[in-house]
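Here's the structure, in structure tokens; my notes come after.
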Amino acid sequence: MKIISVLLGITSFVLISSGARAAEQDPSLDFYLHSVEVKDDVDVPELDTFSFDANCVENSAVFSIEGLSEIPIDEIINIGTKVWTLIEKNRPVVSSQLASASAMPAGIKCWQTLENWSAPKAKSYRYSYKNLFGVTVIDFEFKVVYSYGGQLDGKGKYLTNVQVLPTHVEVAWGYTFNAVAKIQAPINLGNGVNPVAGLESQMTWTIDTVVKHLDQSQPVFVTGNGEITTL
């Protein structure tokens, strides 16, 4: 019986080892970045339909014109979300549509307190990965949307409703895809008299199979003057 048990153990080990080697040699589960497409996107929502405090001007608890002259316009903070999940285990996360960041003067609670906002702008980024057979295994797109140029008493250029939105995702069998958006601390690109907000958003994603793991990210920088730069 001991001999049979040992033989069964050896056989099982051989089968597991053979399976692992087969997986490592499976070209369908190994992959590479095939293409990246970046384009300006005109399909953006109106500013007042954005998710972040859309009706905050009507909420007296967060909106008041008293004391605006005492607000330090050069102290820029993010009054929105800092980190949110976009895609979890190959599926878009619904709550990601509600997350946004805003780079505005400390003490401001509502984007409608500021004036002279621009119409929203957007840029989309599409990534395609293929396996070693040349078949597309990951195809996803995300969009960075923002509105810029907001001023407080005619001064400054601020940002509001900076969003990173998943707009398309296709994942092949055997692959696991996850993505997260992260917002860095705002900076002042101007000076103390005429501050210009700058905000970096970073899309970070992972791709996993039984033979490979990939971490990748794409930082995007937007400014209160309306520029958007792929870093």
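At position 39 of the sequence shown the residue is numbered 38 (numbering that gives the first Met the number 0), and the sequence of numbers has no breaks.
Virtual Cβ for every residue (Gly too), placed ideally from N, Cα, C.
All figures in this text were calculated on a predicted structure; none of them were measured in a lab.
Query raised in the report: Expressed to the nearest angstrom, what Euclidean distance is found between the alpha-carbon atoms of Glu114 and Ser101?
Result: Mapped onto the sequence shown, residue 114 falls at position 115. Mapped onto the sequence shown, residue 101 falls at position 102. Roughly 14 Å between the two C-alpha positions.
Requested in this report: Helix, strand or coil for Val170, going by three-state DSSP, please let me know.
Outcome: Residue mapping note: residue 170 aligns to position 171 of the sequence shown, counting from 1. Reduced to three states, the DSSP call for Val170 is strand.
Query raised in the report: Comparing alpha-carbon positions, which option in Asp39, Asp25 and His33 lies nearest Thr256?
Result: Here the chain has residues from 0 to 230 only, and residue 256 is not among them.
Query - Cβ neighbours of Val195 in the same chain (closer than 8 Å, five flanking residues each side left out) - result: To locate residue 195, count along the sequence shown from 1; it is residue 196. Gly155, Lys156, Asn187, Leu188, Gly189, Thr222, Gly223 and Asn224.
Query - Three or more C-beta pairs below 8 Å linking the segment 73–85 and the segment 161–178 - result: yes
Query raised in the report: Could you give the distance in angstroms between the alpha-carbon of Ala126 and the alpha-carbon of Gly79?
Result: Position 127 of the sequence shown, counted from the start, is the residue given in the question as residue 126. Position 80 of the sequence shown, counted from the start, is the residue given in the question as residue 79. Looking at the sequence itself, residue 126 is Tyr, so the reference to Ala does not match. Roughly 27 Å between the two C-alpha positions.
Requested in this report: Classify Thr159 as buried or exposed, calling it buried when 16 or more other Cβ atoms lie within 10 Å of its own Cβ.
Outcome: One-based indexing of the sequence shown puts residue 159 at position 160. Per the 10 Å Cβ criterion, buried.
Query - Inter-residue spacing [alpha-carbon to alpha-carbon] between Tyr31 and Asp73 - result: Position 32 of the sequence shown, counting from 1, holds the residue named residue 31. Position 74 of the sequence shown, counting from 1, holds the residue named residue 73. Their backbone Cα atoms lie some 44 Å apart in a straight line.
Requested in this report: Look at Ile182 and Asn89 and say whether their C-beta atoms are less than 8 Å apart.
Outcome: As a first step, residue 182 is located in the sequence shown; it is residue number 183 there, counting from the start. As a first step, residue 89 is located in the sequence shown; it is residue number 90 there, counting from the start. Going by beta carbons, Ile182 and Asn89 fall outside the 8 Å limit.
Report task. Please classify Thr229: does DSSP put it in a helix, a strand, or coil? Result -> Here residue 229 corresponds to residue number 230 of the sequence shown, with the count starting at 1. The answer is strand: DSSP assigns Thr229 an E or B state.
Query raised in the report: Leaving out five residues before and five after Pro26 in sequence, what residues of the same chain have Cβ atoms less than 8 Å from its Cβ?
Result: Translated into the one-based positions of the sequence shown, residue 26 becomes position 27. Closer than 8 Å at Cβ, skipping near neighbours: Asn130, Leu131 and Phe132.
Query raised in the report: Are the beta-carbon atoms belonging to Thr175 and Asp207 less than 8 Å from one another?
Result: Residue 175 sits at position 176 when you count from the first residue of the sequence shown. Residue 207 sits at position 208 when you count from the first residue of the sequence shown. In contact: Thr175 and Asp207 (Cβ atoms closer than 8 Å).
**Report entry** Selection from Ala184, Val209 and Thr205 that minimises the alpha carbon distance to Gly197
**Finding:** The residue given as residue 197 occupies position 198 in the sequence shown. It is Ala184.
Query raised in the report: Can you name the residues that DSSP bridges to Leu198?
Result: Position 199 of the sequence shown holds residue 198. Looking at the DSSP assignment, Leu198 forms a beta bridge with Val221.
Query - Trp110 burial status per 10 Å Cβ neighbour count (16 or more: buried) - result: Mapped onto the sequence shown, residue 110 falls at position 111. Per the 10 Å Cβ criterion, buried.
Report task. Note down, in chain order, each residue of its chain lying with its Cβ closer than 6 Å to the Cβ of Ala171, except the 5 sequence neighbours on either side. Result -> For the purposes of this step, residue 171 is taken as residue 172 along the sequence shown, with counting starting at 1. For Ala171, where only same-chain residues beyond five positions count, the Cβ hits under 6 Å are Val136.
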